[in-house]
Amino acid sequence: MSPYEIALTKKERVRSRIIAVFGLVIVWNLLWGEFTWMNIITGALVATAILVVFPLPPVKFGGRVRPLWVIAFFARFFTDLVVASFQVAALAFRPGLPNSAIVKVKLRVVSDLNMTLVAEAVSLVPGSLITEADRQTGTLYIHMLGVEDADHVERLRKEVLLLERRLVRAIGSKEELRKVNAPVPEETSP
Amino acid sequence: MTLENVLDTIAAVCMITGALLSLAAGVALLRFPDLMSRMHAATKPQVLGLLLMLTGCAIRIGALVDITTMVLIAIFQLATAPVAAHMVGRAVYRDGHTRKDLLIVDELAPDADKFTEVSPDQSRQTPGAPR
Amino acid sequence: MMTYAAVAVTVLLTAAGAMALVRIVRGPTTLDRIVATDVLLAIIITGIAAEAAFSRDPTALPVLVVVSLLGITGSVGVARFITREKS
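Residue numbers (my numbering), protein chains in the order written: chain Z, 1 to 190; chain E, 191 to 321; chain B, 322 to 408.
Take a look at the structure:
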């Protein structure tokens, strides 16, 4: 059995299907522009048809949603997005060429969902870009723009781990939470 | 000053800021030395630029039916932009277009073999493959 | 006042689009051109949104939904092709 395959129990499978249908129904309603019973029913039919024809890859979601932390996550994310956008835009107009670095960050929670979400959030914030990702070990190789020196690299690495912590706090399980609440480990040099 | 004036001003500010971010992307495309840094400045501030432009649009139009459409545009843009950036970024590194002299550290270089050697279960594996 | 804003946005977006075009022409690699094309596409999306805002006319918005969803297929496809070509 390859490490990519995730065994899901029947209950988990049903649960992830329901979440998928729910999401698609919301998209359908947004497309029509209003939430009506007609839209919800037709949306559910279309979503079921789509999921039967194009089944989603199994995603293990063991945690639960903590609304306050979700809000905190998004608030911080959008702040980062705005601040970093202007920083990077300013780099374009400033004379001189910016330095960059490729940083290896080993995530503490190794799961497809966690890795995907962290990677999405990291790469949406300007100035960082996922170059490679190793699914087996949960390692992200992040290209960062506007890095000044080695200290700055460490700070940026810590930022990513803190982002992971915020994400796990928002949607992670208890066990994952314990992992990320441990102090950020000192990175051994490669 | 009426409410409409205030709203129009906010919308105008949002839209001009959005356009400025687009301009920054254009300048970065022309000025930056290597492909990687160009990608950063070119693709990311655009996302915020588009979000700002849509905010301005939502304020100006103000009908719920259209605002839901704009929410969808924003969601799709946020979900797809990183995928394109990652795919292109990976190709850039693997093709060796990175300027090594501008890199302070390169922690990918020691592990690069792991990725460039194409094995059936490394990069080609599609997550949705039947089991 | 909206007219001034419209002029400003048009000028800024046109300049940005022109720079992206220059990069598409100059290259030098295919990847440069993909990145520049991506930027040009984003500028076009921004421009259409701006037009919708200024004329208060939401007709073009559904187009943006499609473009923002399918915009990545081009760059992902070409990037994929280039990486595979090398190996």
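Glycine included, every Cβ here is placed at the ideal spot set by N, Cα and C.
Segment contact: the region 146-153 of chain Z against the region 248-268 of chain E, fewer than three CB-CB distances shorter than 8 Å; contact not assigned.
Judged by beta-carbon spacing, residue 258 of chain E lies within the 8 Å limit of residue 30 of chain Z, meaning their Cβ atoms are closer than that value. Taking a contact as a CB-CB distance under 8 Å, the pair residue 28 of chain Z and residue 46 of chain Z counts as one, their CB atoms being some 6 Å apart.
When E/199, E/194, E/208 are compared, the shortest CA-CA separation from residue 330 of chain B is found for E/208. Inter-residue distance for residue 74 of chain Z and residue 264 of chain E is about 14 Å (C-alpha atoms, whole angstroms). Partner residues in the beta bridge of residue 134 of chain Z, as assigned by DSSP, are Z/139.
For the pair of segments examined, the region 210-221 of chain E was found to touch the region 82-95 of chain Z: the number of CB pairs separated by less than 8 Å reaches three. The alpha-carbon of residue 106 of chain Z is positioned some 34 Å away from that of residue 362 of chain B. In the structure shown, residue 145 of chain Z falls within a strand segment according to DSSP collapsed to helix, strand and coil. Less than 8 Å separates the beta-carbon of residue 326 of chain B from that of residue 205 of chain E.
Under DSSP, residue 91 of chain Z takes part in no beta bridge, so it has no partner.
Judged by beta-carbon spacing, residue 110 of chain Z lies within the 8 Å limit of residue 138 of chain Z, meaning their Cβ atoms are closer than that value.
Around residue 119 of chain Z, the same chain offers 130, 133, 140 as residues with beta carbons nearer than 7 Å, after the five sequence neighbours per side are excluded. Close partners of residue 227 of chain E in chain B (Cβ separation under 9 Å) are lacking, with about 11 Å as the shortest Cβ gap. Rounded to whole angstroms, the gap between the alpha carbons of residue 229 of chain E and residue 83 of chain Z is 18 Å. Taking all protein chains shown into account, residue 212 of chain E has 16 or more neighbouring C-beta atoms within 10 Å of its C-beta and is therefore buried. Below the 7 Å Cβ cutoff, chain Z contributes 81, 82, 85 as neighbours of residue 238 of chain E, in chain order. Beta bridge pairing from DSSP links residue 105 of chain Z with Z/140. Contact annotation for residue 131 of chain Z against chain E: 279, 280, 283, 298 [CB-CB distance below 7 Å, chain order]. If you look at residue 35 of chain Z, you'll find it isn't in any alpha helix (DSSP H); DSSP assigns it neither H nor E. Taking a 10 Å sphere around the C-beta of residue 100 of chain Z, we find 16 or more other C-beta atoms and assign the residue as buried. In this structure, DSSP gives residue 100 of chain Z an extended state, which the three-state scheme calls strand.
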